[in-house]
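**Q** Got a structure for you, questions after.
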Amino acid sequence: MSSFRVNLRELAKQPPKLLPGHRLCAGCAAPVIVKLALAASDKPTIVTVATGCLEVATTIFPYTSWKVPWIHNAFENAAATASGIEAALKALKRKGRLKYEKVNVIAFAGDGGTYDIGLQALSGALERGHDFVYILYDNEAYMNTGIQRSGGTPKGAWTTTSPSGTVIPGKREHKKPIADIAVAHKIPYVATVSPAHWLDLMRKVHKALEVEGPAFIHAICPCPRGWRFPENRTMEVARLAVDTCFFPLWECENGEWRLTDRSLQIAKRPETKKPVEEYLKVQGRFRHLFKPENRRIIDELQRYVDAVWEDLLKRCGLA
Amino acid sequence: MAEPVKQTVMALNGDEAVAWAVKQCDVDVVAAYPITPQTIIVERFAEFVANGEVDTEFIAVESEHSALSACVGAAAAGARAFTATASQGLALMWEIVYIASSLRLPIVMAIVNRALSAPINIHCDHSDSMGCRDAGWIQIYVEDAQEAYDTVIQAFRIAEHPNVQLPVMVMLDGFFLSHTLQNVSLLPDNVVREFVGVRKPVEVEVPYLGKVPLVLDPENPITLGPLDLYDYYFEHKMQQQEAIESSREVIKQVNEEYAKISGRKYGDGFIDAYGLEDADVAIVVLGSTAGTVRHVAKQMRKEGAKVGMVRLRTFRPFPYEELAEALKGVEVVGVMDRSMSFGGYGGPVFVELRAAFYDLPERPIVLDYVYGLGGRDAPPSMIREIYEELLEVKRTRKVEKVLKFVGVRE
Amino acid sequence: MAELKGWREIPMAAVPWKLSTEFKTGDWRTFRPVIDQEKCVKCLICWVYCPDMAIEWDGEKVTINYDYCKGCGICANECPRKAIRMEEEVR
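If you're matching them up, the sequences are chains D, F and B in order. So in the numbering used here, spot 305 of the first sequence is number 315, and the numbers just go up one at a time. So in the numbering used here, spot 129 of the second sequence is number 131, and the numbers just go up one at a time. So in the numbering used here, spot 78 of the third sequence is number 1143, and the numbers just go up one at a time.
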């Protein structure tokens, strides 16, 4: 465990790197993730963001909410843009034209710009080993364009392109294991984080920035609008995702797997693991699953979550 | 300098000439993906990198879309960036082509002109680069490997000029130039270095920061690539229009300056005319075919025919004034288009030229000859036939068809 | 509403020239959080979870910046001391 420390009372006095006045929805988890991620390091940082909620709502011309140098290129190329920035910094430094010792390069992208359209650029950047951190803020659908399904949408969820109709009850496919895909690239550091588990998030982002080479952070980003829950329960929902093992918190450092924070606690005390129903019932996007004819899907989800959890425990040597 | 410097002659093909130019221009980042017939540029450059002959970060990206995306990131971070592609690769990066110019990034990209699928064809035509002529890049077409080398060097100067700050596309014909060996005179490293200098980002006035460099710099954090609504997008496009108009002067200036150190001048930078002092008819053409046209024109002039030609070098910004001036007195102009806009009045060069002449009190008859699609050869005999036809039209003043497709079997 | 500028007056490359702090999102609220300073132990959990950076700490007191607070209520929901209550916004 790294000795990363945070003094909230000092941190909260510092000027914010993401400014208020942005137009993300009330109760959105994305700005919380960004705030905590940018607070995890005090080194100079350059940020690139893929098209999506975060990008659009924080840079409506002529306003910007960013107090760090920032570039938005297109939807599917956050990782490619970050690669170019990283290479430029390397070249300029070698030629003695960079005034900084080290500059953090962070790419933020949603599940849209990562699981689906952005997967190629991500895979290429990871394979090439660029020294940057890719943070996926996963609200599990193409939220900015109106809640359409993505590869990150969980099975059974309602979205506008996987609606819960009389014949098909929501998305039929399971969530793509994006963090596993990152691990399969054999990069130095991969971790899952939740904004509700803020210290764990900050510690992991700090570590990701410290490692040399690519790091991938998968952040669950509950969305009051798209997941259909009241906007004051965002952190509750994130907590339930972890408590039910729908979204376990782990890190994989050079192939070594570790559970962290609440998920580690659950592994040690399995009786505290909550049934998936607790998570599903607070979100309107799963409401149709509670109809008698759809109950089997909840059972399927429970079995799926359990299987993935068991597998994770084995990988972490905690089975 | 009083006279051009001593140069080294190397036998290089067009692609290699480009790679050598990039080698000498102190490029910081090259992000490229191979596609025939551009592959040699990338391969040759990778060799330079592997042998430590250049101090450049070479990103072997996983697609052309990522190639230009990485160049955008690199240029935004203050680096001098270069890439090259053709055909499908350019088509794939099309959305980023617009983004690069709209973000005012001085990226230089070599396009080795190749036809677009389908059917897949690896040979030369101009449909790829013509496809993004509206994107706001400066577009220059070269005639031979020497000019490919010279123009890439000039391109960095043009792109990075404070009044321009726009990306530049340098086109060379696929296979005809890319894979054909020529004697290319290379300037000494230090002369090229001095000519292109170090990239110096321009300054932008941002009220909450003051006057800061247009670069991603933690000390002066600017935002690049915001969301525009209908209240400001149009205004931002006007800025681009102003920039590309400002580039006209710069293209001419750089052409002049480069001539002083190399001894090579390409017309006025925009057009290169031959035989127009007394020509009755003329052909307007881009790229390597210009060499064939000039060769035939020379022959026919010896035979007493009053023919001339204009090689159009810079297509964007389009030199409508220069062409109108050069072709004054010519009665019939035949435009050779190596690409077609299906369902349109004619090929892109023809349509531009026609529009340029429309307002003039006296204008020539302008005809379109679409040729060479998919690498179809344009031999001297075909050029001669075109000239004969133009002369016939001059004689009869009768036009049966404005748009013709030559060299194709019915 | 600021006057719209012409293209010669704005920075090149579409660089935004105003910070979002000039855009007060406080008028989005229908409920506003009110901190009971007696109950507040200054743990700053509300600061951590506020999506709008609308909670301020000056070293002594925790205050809500009502210029930006959108009234999401996360702070009230998360406060371990239940020191924040949501009141109906009256304008």
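Every residue, glycine too, gets a C-beta built ideally from N, C-alpha and C. Keep in mind it's a predicted model, so treat the numbers as computed, not measured.
1) For residue 74 of chain D, return the contacting residues in chain F, with the cut-off set at a CB-CB distance below 7 Å.
2) Report the CB separation of residue 224 of chain D from residue 125 of chain D in whole angstroms; it is logged as a contact under 8 Å.
3) Can you give me, in chain order, the residues of the region 125-151 of chain D that have a beta carbon less than 9 Å from any beta carbon in chain F?
4) Out of curiosity, what's the CA-to-CA distance linking residue 326 of chain D and residue 277 of chain D?
5) Smallest Cα separation from residue 373 of chain F: which of F:301, F:295, F:318 and F:282?
6) Among the candidates D:100, D:31 and D:77, whose CA atom is the shortest distance from the CA of residue 29 of chain F?
7) Measuring straight from C-alpha to C-alpha, what distance separates residue 405 of chain D and residue 1135 of chain B?
8) Which residues of the region 71-105 of chain F have a Cβ closer than 9 Å to any Cβ of chain B? Give them in chain order.
9) Let me know the secondary structure DSSP gives residue 3 of chain F once reduced to three states.
10) If the cut-off is 8 Å on Cβ atoms, which residues from the region 1076-1107 of chain B count as contacting chain C, listed in chain order?
11) May I ask you to report which of helix, strand or coil DSSP gives residue 107 of chain F?
12) Counting along the chain, where does the alpha helix (DSSP H) carrying residue 339 of chain F start and finish?
13) Name, going along the chain, the residues of the region 215-243 of chain D whose beta-carbon falls closer than 9 Å to a beta-carbon of chain F.
14) When the Cβ atoms of the region 283-297 of chain D are set against those of the region 307-318 of chain D, are three or more pairs found closer than 8 Å?
15) Taking 6 Å as the limit between beta carbons, can you name the residues of its chain near residue 192 of chain D, skipping five residues before and five after?
16) Take residue 382 of chain F as the anchor and find which of F:245, F:25, F:104 and F:301 has the nearest alpha-carbon.
17) Would you mind giving the Cβ-Cβ distance between residue 350 of chain F and residue 135 of chain F, rounded to the nearest angstrom? I have them listed as a contact below 8 Å.
18) Tell me which residues share the same chain as residue 376 of chain F and place their Cβ nearer than 7 Å to its Cβ, disregarding the 5 neighbours each side in the sequence.
19) Across which residues does DSSP place residue 369 of chain F in a beta bridge pair?
20) Could you tell me how far apart the beta carbons of residue 23 of chain F and residue 73 of chain F are, in whole angstroms, since I believe they sit closer than 8 Å?
21) When the distance is taken between beta carbons, is residue 274 of chain F closer than 8 Å to residue 493 of chain F?
22) Please report the straight-line C-alpha distance between residue 3 of chain F and residue 154 of chain F, rounded to a whole angstrom.
23) Where DSSP assigns a beta bridge to residue 260 of chain D, which residues make up the other side?
24) Kindly indicate the opening and closing residues of the beta strand (DSSP E) around residue 313 of chain D.
25) Could you name the residues of chain D that residue 1126 of chain B contacts, counting a contact when the two beta carbons are closer than 8 Å?
26) When the Cα atoms are used, what is the spatial distance from residue 399 of chain F to residue 195 of chain F?
27) Measure how close the beta-carbons of residue 20 of chain F and residue 102 of chain F come, nearest whole angstrom, since I'm counting them as under 8 Å.
28) Are the C-beta atoms of residue 1069 of chain B and some chain F residue less than 8 Å apart?
29) Confirm the yes/no value for this check: CB of residue 384 of chain F, any heavy atom of the ligand GTP, distance under 7 Å.
30) Since residue 220 of chain F contacts residue 116 of chain D with CB under 8 Å, what's their CB separation in whole angstroms?
31) Report the three-state DSSP secondary structure of residue 11 of chain D (helix, strand or coil).
32) Count the other C-beta atoms from every protein chain shown that fall within 10 angstroms of the C-beta of residue 141 of chain F, then say buried if there are 16 or more, exposed otherwise.
33) Determine whether the beta carbon atoms of residue 40 of chain D and residue 34 of chain D lie at a separation below 8 Å.
34) Distance, Cα to Cα, residue 98 of chain D vs residue 140 of chain D?
35) What are the start and end residues of the alpha helix (DSSP H) that includes residue 293 of chain F?
36) Sort F:70, F:11 and F:290 by Cα distance to residue 108 of chain F and report the nearest one.
**A** Taking the coordinates as given:
1) 225 and 228
2) That belief does not hold up - the Cβ atoms of residue 224 of chain D and residue 125 of chain D are roughly 17 Å apart, past 8 Å.
3) 130, 131, 133, 134, 135, 137, 138 and 140
4) 10 Å
5) F:295
6) D:100
7) Lying before the first or after the last residue shown, residue 405 of chain D is absent from chain D, which here runs from 11 to 329.
8) 104 and 105
9) Its pLDDT being 46, under 50, residue 3 of chain F is placed unreliably in this model, and the value from its coordinates should be taken loosely. Residue 3 of chain F falls in the coil class under three-state DSSP.
10) Checking the listed chains, one finds no chain C in this structure; the protein chains it contains are D, F and B.
11) coil
12) Per DSSP, residue 339 of chain F belongs to no alpha helix (DSSP H); it is in the beta strand (DSSP E), 334-339.
13) none
14) yes
15) 200 and 226
16) F:301
17) 6 Å
18) 117, 123, 125 and 127
19) F:336
20) Rounded, the Cβ-Cβ distance is 16 Å, inconsistent with contact.
21) The structure shown does not extend to residue 493 of chain F, since chain F is modelled only from 3 through 412, so no value can be given for it.
22) Because the pLDDT of residue 3 of chain F is 46, which lies under 50, any placement of that residue in the model is unreliable, and the question is left without a value.
23) D:269
24) Here residue 313 of chain D belongs to no beta strand (DSSP E); instead the alpha helix (DSSP H) covers 305-325.
25) The premise fails here: residue 1126 of chain B is roughly 11 Å from chain D at the closest Cβ pair, so nothing lies under 8 Å.
26) 53 Å
27) Going by Cβ atoms, the distance from residue 20 of chain F to residue 102 of chain F rounds to 19 Å, so no, they are not a contact pair.
28) yes
29) Although the ligand GTP was asked about, the structure shown includes no ligands whatsoever.
30) Their Cβ separation, rounded to whole angstroms, is 12 Å, which puts residue 220 of chain F and residue 116 of chain D out of contact at 8 Å.
31) Note on residue 11 of chain D: pLDDT 47, under 50, position unreliable in the model; the coordinate value appears next. DSSP places residue 11 of chain D in coil when its eight states are reduced to three.
32) buried
33) yes
34) 11 Å
35) 291-304
36) F:70
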